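First comes the structure, then the notes that go with it.
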Amino acid sequence: GNSVTQMEGPVTLSEEAFLTINCTYTATGYPSLFWYVQYPGEGLQLLLKATKADDKGSNKGFEATYRKETTSFHLEKGSVQVSDSAVYFCALSPYNNAGNMLTFGGGTRLMVKP
Amino acid sequence: GAVVSQHPSWVICKSGTSVKIECRSLDFQATTMFWYRQFPKQSLMLMATSNEGSKATYEQGVEKDKFLINHASLTLSTLTVTSAHPEDSSFYICSASVTGKETQYFGPGTRLLVL
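Next up, the structure:
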C-alpha cells in the first residue's frame with residue numbers, strides 16, 4: 001500500500017537558519033505529492049504540491065522537488081522565521097485516484113526561536 | 115478561493131449526548147468530502163469519505179453507527195458523533211475536493227471535549 005515517512009520532530013532552529021524536513025514515500029505509479037502546514041489550533045493548509053517527477057513546488061519561500069529516483073519530496077527553506085513554527089505534513093495522492101485520497105506522513109513539528 | 119469552514123470550532127458536551135459538526139465549502143462545489151480525526155501531536159487519521167448524495171465510505175475500524183456522516187449537498191457535509199464518550203474527545207477536521215482535482219482543501223477543525 002501507499003505510505004509516507006517523515007523525519008521525526010521536533011525540529012528546533014534559530015531564526016534565519018536553513019530548514020530541511022525529509023519526506024520519502026512508497027506508492028505505485030506516479031502519485032501527486034503535497035506539503036501541508038498546520039498552525040497551532042488550526043486545520044491544515046496546503047503549502048505546496050508537485051504532480052510529476054522533477055517538478056518543484058514552491059510557496060512562501062518553501063520549496064520541494066519531486067524526486068522519483070529517490071522517492072523523496074524533501075521540504076526546504078533558506079531562512080526560517082518565528083512565524084514558520086508549525087507542524088508540517090507530507091502527503092501523497094495516488095495517480096488517477098478518483099477519490100482524491102490522501103495518505104499523510106506523521107507530521108514534523110518545527111519550532112523557530114528568535 | 116477554495117475556503118472550507120467548520121462549525122462549531124469548539125464543543126464541550128456531556129457523555130451520552132450527540133454532537134453534530136458541519137463542514138461547508140464556501141466558494142466551490144465539493145463533490146467529495148473527507149472527515150479526519152487527529153489526536154494530540156499525531157497525524158490525521160481518515161475516518162470516512164463521502165460523495166454528495168451517496169452513503170459515506172468508512173475506513174476500517176471506524177464505527178459507522180457512531181459517526182454518522184451526511185453529505186446532502188455539494189456544499190455541506192455533517193458528522194454526528196452519537197452517544198459521545200470521553201474517548202471520542204479529539205480534533206475533527208474535514209476537507210473537500212472536486213472530482214478530477216487531487217487537491218483537498220481543509221477546514222479549520224472542530225475540537226470536541228466529552229466530559
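Read top to bottom, the protein sequences are chains A and B.
Here our numbering is used: position 73 in the first sequence is 73, and no number is missing along the way.
Here our numbering is used: position 8 in the second sequence is 122, and no number is missing along the way.
For each residue, glycine too, the CB sits at the ideal point set by N, CA and C.
For clarity, every value in this text was computed on a predicted model and none was experimentally measured.
Between the Cα of residue i and the Cα atoms of the options, which residue gives the shortest distance?
i, options, result
"residue 199 of chain B", "B:151, B:132, B:123", "B:132"
"residue 129 of chain B", "B:219, B:197, B:210, B:164", "B:197"
"residue 107 of chain A", "A:85, A:94, A:114", "A:85"
"residue 29 of chain A", "A:90, A:69, A:65", "A:69"
"residue 211 of chain B", "B:189, B:205, B:226, B:222", "B:189"
"residue 201 of chain B", "B:177, B:146, B:227, B:186", "B:227"
"residue 94 of chain A", "B:138, B:158, B:215, B:134", "B:215"
"residue 70 of chain B", "B:217, B:203, B:218", "Beyond the ends of chain B as shown, which are 115 and 229, falls residue 70 of chain B; an answer cannot be given."
"residue 46 of chain A", "A:79, A:63, A:11", "A:63"
"residue 43 of chain A", "B:140, B:209, B:166", "B:209"
"residue 139 of chain B", "B:120, B:168, B:179, B:155", "B:120"
"residue 187 of chain B", "B:117, B:125, B:143, B:229", "B:143"
"residue 24 of chain A", "A:71, A:65, A:83, A:17", "A:71"
"residue 54 of chain A", "A:74, A:41, A:38, A:40", "A:74"
"residue 83 of chain A", "A:102, A:101, A:39", "A:39"
"residue 7 of chain A", "A:101, A:102, A:114, A:87", "A:87"
"residue 27 of chain A", "A:13, A:12, A:2, A:37", "A:2"
Can you find the residues in the same chain that come closer than 6 Å, C-beta to C-beta, to residue i, ignoring five residues on each side of it along the sequence?
i, result
"residue 170 of chain B", "162, 164, 183"
"residue 9 of chain A", "108, 109"
"residue 191 of chain B", "137, 147, 164, 185"
"residue 67 of chain A", "none"
By the DSSP assignment, the beta strand (DSSP E) with residue i in it spans what residues?
i, result
"residue 11 of chain A", "11-14"
"residue 89 of chain A", "86-93"
"residue 36 of chain A", "32-38"
"residue 129 of chain A", "In the structure as shown, chain A begins at 1 and stops at 114. Residue 129 of chain A is therefore absent and cannot be evaluated."
"residue 175 of chain B", "Where residue 175 of chain B is concerned, there is no enclosing beta strand (DSSP E), given that its DSSP letter is neither H nor E."
"residue 150 of chain B", "146-152"
"residue 155 of chain B", "Residue 155 of chain B -> no beta strand (DSSP E), and no H or E assigned at all."
"residue 67 of chain A", "Careful: residue 67 of chain A lies outside any beta strand (DSSP E) and carries neither H nor E."
"residue 118 of chain B", "118-121"
"residue 167 of chain B", "No beta strand (DSSP E) holds residue 167 of chain B; DSSP gives it neither H nor E."
"residue 57 of chain A", "56-59"
"residue 132 of chain B", "No beta strand (DSSP E) holds residue 132 of chain B; DSSP gives it neither H nor E."
"residue 20 of chain A", "19-21"
Who are the near neighbours of residue i in its chain, counting only those whose CB is closer than 7 Å to its CB and skipping five residues on each side?
i, result
"residue 81 of chain A", "15, 112"
"residue 104 of chain A", "4, 89, 91"
"residue 207 of chain B", "150, 152, 158, 220, 221, 223"
"residue 41 of chain A", "none"
Please return the same chain residues whose Cβ sits closer than 8 Å to the Cβ of residue i, not counting the five positions on each side in sequence.
i, result
"residue 181 of chain B", "149, 161, 162, 172, 193, 194, 195, 196"
"residue 61 of chain A", "77, 78, 79"
"residue 49 of chain A", "32, 33, 34, 35, 57"
"residue 135 of chain B", "120, 121, 122, 125, 192, 193, 194, 195, 206, 208, 224, 226"
"residue 20 of chain A", "74, 75, 76"
Going by DSSP, what residues sit across from residue i in a beta bridge?
i, result
"residue 181 of chain B", "B:195"
"residue 26 of chain A", "A:3"
"residue 50 of chain A", "A:33"
"residue 105 of chain A", "Its beta-bridge partners do not exist; DSSP assigns none."
"residue 228 of chain B", "B:127"
"residue 81 of chain A", "Note: residue 81 of chain A sits in no beta bridge, so no partner."
"residue 212 of chain B", "Paired residues: none, contrary to the question."
"residue 217 of chain B", "According to DSSP, residue 217 of chain B bridges with nothing at all."
Between residue i and chain C, is any beta-carbon pair separated by less than 8 Å?
i, result
"residue 226 of chain B", "Here chain C cannot be found, since the structure's protein chains are A and B."
Against chain B: residues of the stretch 41-54 of chain A by CB proximity under 9 Å: 41, 42, 43, 44, 45, 46, 49, 51
Residues in the stretch 99-111 of chain A having any Cβ partner in chain B nearer than 8 Å: 99, 100, 101, 102, 104, 105, 106, 107, 109
Below 8 Å between beta carbons is the criterion; list the residues of the stretch 74-90 of chain A that meet it against any residue of chain B, in chain order. 89
What residues in the stretch 129-147 of chain B bring their beta carbon closer than 8 Å to a beta carbon of chain A? 146
According to a CB-to-CB cut-off of less than 7 Å, which residues of the stretch 191-209 of chain B neighbour chain A? 207
Note down, in chain order, all residues in the stretch 149-174 of chain B with a beta-carbon under 9 Å from any beta-carbon belonging to chain A. 150, 152, 155, 156, 157, 158, 159, 160, 163, 165, 171
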